[in-house]
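Take a look at the structure set out below.
Protein chains in written order, with the working numbering: chain A, 26 to 472; chain B, 26 to 472; chain C, 26 to 472; chain D, 26 to 472.
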């Protein structure tokens, strides 16, 4: 782990971009995937350093702003993930711990009501201090304390801090994904259209669409083993799944462009009522980040502006758009049970952020494809508790359960998800009009 | 059916209230329940006249306004239900039909995008013409035409108009309920607090709460027979229900007042995140229509202001309040499958609007109670399509399906529902913050 | 035509419309102008009856609604003007007076903070009770009490109630104008486009535009005599007026249409910054009530929809539109001092509401014209206190002074102003974006 | 002029704060006031460098954000003032000039509609690129070009660029003041409450309030000479001023605290109607930046949080608060003519930004005081055109005239105004609810 690109190194390099990118690239190459078999400390270091590495292409100014309510500043992600360890790990379990700054708890609590007062979310992008440099110092301060705690814990998986630490790492991985989707929106909002990655997008070849059958019956759904999972993936339980079939690949940009060309955004009959209202109010006529110039479609990606890739999976669309497309295509979105039934026998492979794809890359062959690592797949399942669901105790219990209202489950994982964060039973969720995540479409149909 | 209080009669009586009420009362007594076995014309007449009868206590001015976005003016309900028959029955199936007025289609279309342009919902309460008198004339005009069509149809249930006519009657019954909930809100908004019904509220005795067990297994859910049902109740399909139990009666005002007294509205840990945001933003601290004066709770009902009835079922609360109460009580809300499994063996009896209760009346004995005729019961099931759901063709298909997004299923029927409108498989739905309907709480729990 | 239709008479007839309209029409001809030389009681009766007469063309439903924030329901105008007498005349000066209803003071106070709590302005249009009939009863109740007080007062102009009573009559006249402008907006909001007056609009001949010179120097401005005036017209004071000239007639519809045709609404250089922002935000492209159909302009008036009259003065435009037009025309709006200097030697004649014009009627001959009785004329003078201004004591002092912020003075009087309400020194005022009053343009220019 | 702290120097020092502050301080000492007698180039250099010097205490992150709609990011001020020279000086008058970047014109145009499309003001704080460093490079690029143009111009005051260059310098000085008031708001919005200046606030002694008489008569008002002035200060014209008197000093914090203690914010009778509405809606109970803790008042200044200074002039209040205070004090605000009549015989001295006061400092002796260099003084004069006003031609004409609607004139100059920017005839203007400028109160009264 020795030569992983540490936070302090990165920060010094923020003003010498060429060198940074070089270091960053070499760093990426040598990082081994740190798995559950590694020591807690090694896993902690690996996850934390991966967050910092994502910041390499950024200028100091890029860390500060929030381009819309859903978007948090990069600086805030860096601090909030540290606050999580400070509040739920260090404060209760490291007796010698002294808080870095009395106001950080107020500034960097996101929504844990039981963990005290919070700074207003809408104002996150207005706070220039602590500076980026001070936030990186905060991270190092936390890292030092957590690593000294890890030393004490050793292999003792029954230590009360163990589970929270593990949760903290998964939490940090979630924010790695958000950091990317948020900075993408920040860059897109800027008329200068900055570029995050200079590596050109790959071009993939088209693959024909097949259907996989699902047999009617009672299935067990949800997480059941000893490995880590979020509370919302439990308990494993029986669910009745109807006869149906599911597409073997994702919908492509070319297919979605056909929907647009066919007047998809102008036919109310294709839309849920709430979706049609949003289409009208927001004047939506394409996915977020698409722009039409001289009759051709262009897409803004982390690699900058460019012509739309026909074979890449369509992304950055809302539930209501995914639903309207499915209706137009004479199909529907899968339920989350259907998705899990199909996916659980498949390996977790794909173009994850660790492989620096930065963008959904398209299908690569026959069989069930693109389940993970391209785009999150909207399901037609509202995000509600599994039968018998019990949230964790205390403030940690606010992690998932309290959002079980008017959001929709997405399954899989996107190109911005860390590989180690993907799971067959993972339940991502967003409101029906959210578009700034890497979200896409896999079709299903009744048998 | 001869001496039923007809639309024209009612209208003439709007300026001589005493006489109206007399007629209305006597009318109520003599109205036999018109069942499916009656002729189509008889059923049409009965439903249409019931709508008019609900207007008897209103002054001309009361028909005009809309006290919030969810509320439509009484005048609009009267006209819109007529427009429904005009558009979907008369225009296609009565060749001689001439539209009453060229602008009515624009004014009285609610949301049927495929049926043409609509007047903006937010402006419904600003339209003083057509006058109440003209709207009643419009109703009579439609009635005459529909009844002449009924005559032609006779018993021919295969006539293409038959199903739409039937749908129109159920549609009208839905608006009877809305008319009542809407005028209640209009009256409550008025500092004069007008009274809709002079009949005093009944006082019921308390009944102890029992639990009915539900056995785990696969159940068939949804409407299956030949009788009328809305498209969203179909198809009948298999669903896996877990072991659980359901309360035999509704939560009472007294119980809900305890939740309030225990700080229910001040403990974020009890609330869904969206719910807590609404509680804060709207300063909710009790159900809609409750007011605390000198330490005691009062409730505004269609019978005016009065002290809260301890034994009556709590009503006019949102999904998020029902959910928070259930969490406080150490229970949860039932799923719609659980509710249907328990309810389907029970008779449909209760304090429906036809019995002029105007208000949930409380429990009356042992066994499974208050399933119908008191308040709609929030379930923890989001309102989505049943597996294999197919909306009806054409504009009629906009009736239910397009609202399957971010709403929640309510089961049962309320005191404002016409008795003949209640069904075991009925799926009512409202957004998670809606409170102006007669909505309440039945608890469930894992086994 | 002899017997004027009194308030009480009108009211009795509201339920027998045909007869009402007949009486109303015959009444109009015989109304003698009740001047200051008449007894207080006679003047009171005359003004109050004039208000009621304005309601004759209305249906019951028309009295209830408010079509935008600026607009009050007719019912509210009828009640509020009565509340004014109740609060400021009867309560303090008629010891035997008993309030008609305990909640009326809350419902019908407009903005007199010192007179107690008020009903929220935005909710005025939601209140269906008291009914129209009850409001007319309230008026009669107040009238009876005021007339009995008048009897006691007799000719005693030093009686403390005298001035407030007089103020109440002028206040009522202001609401007569508002009642008309408000109902015009209500009718226009309605897709049915009801007609207030069946009398066709007069067509006037065009008159050439001349300029009258104003000599530089110190002038005395403001109200100085013993006659009634509002406090904001005082004190009479010296003001320096520069050499300038003022147009002898108002700008016509034809002239304003030329401004539109010349791209007036698309050239930011013509507009004040706030005005341009409003033009963009509200998509203004013509005065309120103008509509373009098939290339021709139509205007909605109290006489219904019709082709735009070329020679009638343009009306229903905001300060920023008047200002932009003047800039386009190479001129400017007059100051209120300039207007008063020119107007004070002119007789107060014109097409006032008493003559039932209902609409600006156009120029009628040579000389200084259309100062009164067509449209209020925007000046370039912000509405501020005259030097030495002292508002009246108590709640009555809230009448004018507290609005001296971000509003603009209009001079003259409109076709909706009662003739007896016009004065050379009268200062009307509205915000820079108000359009629903009868407002128009008279140009001025530097010498 | 040689060792003035140049833009490039400053920027290099942004990451070594101690040295920066040292350089900044020494720089301040040696800067001579550059007057009109200096060469254009010297004046240009001096003004531009003063802007950069104001940024010395800022961290990179501080330049980026906008804490409310009125506030622009420091980065934007730096760029916009450069854009002004680029657009109005370099583009037309330096034929060899090549624009620095094609999108800068879009990003940094404020409101000059005739100068092309603009970036939306509300999004200024979301733009992270160009970086601070790039913006300073832009400034240097512009400076080089302008200085080479200055060389060509020499002493030729008839060169067409001369006047625009001069306007550009005054424009830049205005933005120096805005930069300070904006960064103050940014710092105050931040819960960390950063400190701009470490120099402690001076404490001044109290001075008694006297009145200076103003004799009635015709006065000449406005700018008349050959020196620079904005177009809105012309033409010099006659105005009639009434007998009155004006306070010799500003209202102090102690006096304003008395107004608060006396319930000033709770008595509607003291307020203009619009002001009272704002007080209610915004929950105002003190000037901006005041906070009450444990019964004592504290004030946030550029020197950080601290106890309120009793003798310092009250500042950061709106027109409606100044007006309410004056009413409470039995006085009124002066007209701008009164202010000018009194001020024009007084020297322009005070605690300007060049003297690094950063805060209003309080009265210093007998006679007419604090006219300049403490706080801008609200007048009761709405901001309208002087008689005969002609805006400049072209886009430059949008500088002042188009804002003559619903704003109020402030006279004098504040502690954040550059000394060389103050003039006896200067007309500053802001809307009636603006509070983030250094605005205060000087009383006047009728004779």
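Don't be surprised by glycine CBs; every beta carbon is placed ideally from N, CA and C. Just so we're clear, the structure is a prediction, and the values are computed from it rather than from any experiment.
{"Check": "Residue-chain proximity (residue 150/B, chain C), Cβ-Cβ < 8 Å", "Outcome": "yes"}
{"Check": "Where residue 220/B sits in the DSSP three-state scheme", "Outcome": "coil"}
{"Check": "Inter-residue spacing [alpha-carbon to alpha-carbon] between residue 311/A and residue 334/A", "Outcome": "15 Å"}
{"Check": "Local conformation of residue 242/B per DSSP, three classes", "Outcome": "strand"}
{"Check": "Contact with chain D by residue 46/A, beta-carbon distance below 8 Å", "Outcome": "Summary for residue 46/A: the model assigns pLDDT 29, below 50, so the residue's position carries little reliability, and this model does not support an answer."}
{"Check": "Per-residue DSSP class, three states only, for residue 262/B", "Outcome": "strand"}
{"Check": "Own chain, CB closer than 7 Å to residue 254/B, minus 5 neighbours either side, in chain order", "Outcome": "248, 448 and 450"}
{"Check": "Counterpart residues of residue 434/B in DSSP-defined beta bridges", "Outcome": "454/B"}
{"Check": "Nearest-angstrom Cβ-Cβ length linking residue 214/A and residue 135/A, presumed shorter than 8 Å", "Outcome": "Their Cβ separation, rounded to whole angstroms, is 22 Å, which puts residue 214/A and residue 135/A out of contact at 8 Å."}
{"Check": "Neighbour flag for residue 23/A against chain D, beta carbons, 8 Å", "Outcome": "With chain A covering only 26 through 472, there is no way to say anything about residue 23/A."}
{"Check": "Residue 395/B to residue 364/A span [Cα, whole Å]", "Outcome": "39 Å"}
{"Check": "The region 122-134 of chain A: positions lying closer than 8 Å to chain E by Cβ", "Outcome": "Among the protein chains in the structure shown, which are A, B, C and D, there is no chain E."}
{"Check": "Coil, strand or helix - residue 469/A by DSSP", "Outcome": "strand"}
{"Check": "Buried/exposed call for residue 352/A, threshold 16 Cβ in 10 Å", "Outcome": "buried"}
{"Check": "contact_flag[the region 312-327 of chain A, the region 210-227 of chain A] where n(CB pairs < 8 Å) is 3 or more", "Outcome": "yes"}
{"Check": "Rounded separation between residue 318/B and residue 168/B - CA only", "Outcome": "48 Å"}
{"Check": "8 Å Cβ shell around residue 409/C - same chain, five flanking residues per side excluded", "Outcome": "429"}
{"Check": "Residue range of the alpha helix (DSSP H) that includes residue 131/B", "Outcome": "129-133"}
{"Check": "According to DSSP, residues forming a beta bridge with residue 323/A", "Outcome": "316/A and 332/A"}
{"Check": "Inside the region 346-391 of chain B only - alpha helix (DSSP H) runs reaching at least 4 residues", "Outcome": "361-368"}
{"Check": "Spatial distance of residue 348/C from residue 75/C (CA atoms)", "Outcome": "35 Å"}
{"Check": "Nearest-angstrom beta carbon gap, residue 271/D and residue 359/D [assumed within contact, 8 Å]", "Outcome": "5 Å"}
{"Check": "Contact set for residue 191/B: own chain, Cβ-Cβ below 7 Å, skip 5 residues either direction", "Outcome": "253"}
{"Check": "Cβ neighbours of residue 63/C in the same chain (closer than 8 Å, five flanking residues each side left out)", "Outcome": "71"}
{"Check": "Residues of its chain near residue 338/C, where Cβ-Cβ distance is below 7 Å and the 5 sequence neighbours each way are ignored", "Outcome": "275, 276, 277, 385, 387, 395, 399, 400 and 465"}
{"Check": "Contacting residues, own chain, Cβ-Cβ under 7 Å from residue 397/B (five flanking each side not counted)", "Outcome": "373, 374, 375, 437, 438 and 447"}
{"Check": "C-alpha gap between residue 304/C and residue 383/C, whole angstroms", "Outcome": "28 Å"}
{"Check": "Length of the line joining the Cα atoms of residue 94/B and residue 434/B", "Outcome": "21 Å"}
{"Check": "Member of 346/B, 265/B and 355/B whose CA lies at the smallest distance from the CA of residue 362/B", "Outcome": "265/B"}
{"Check": "Spatial distance of residue 216/A from residue 145/D (CA atoms)", "Outcome": "11 Å"}
{"Check": "Residue 367/B beta carbon near the ligand FAD (any heavy atom closer than 7 Å)", "Outcome": "What this structure holds is no ligand at all, so the ligand FAD is not there to describe."}
{"Check": "Residue 371/B, buried or exposed, once every other Cβ within 10 Å from all chains shown has been counted against 16", "Outcome": "exposed"}
{"Check": "Simplified DSSP state of residue 272/A, which is helix, strand or coil", "Outcome": "strand"}
{"Check": "Boundaries (first-last residue) of the alpha helix (DSSP H) holding residue 407/C", "Outcome": "Not the alpha helix (DSSP H): residue 407/C falls in the beta strand (DSSP E), residues 401-407."}
{"Check": "Distance between residue 379/C and residue 179/C (C-alpha atoms, nearest Å)", "Outcome": "27 Å"}
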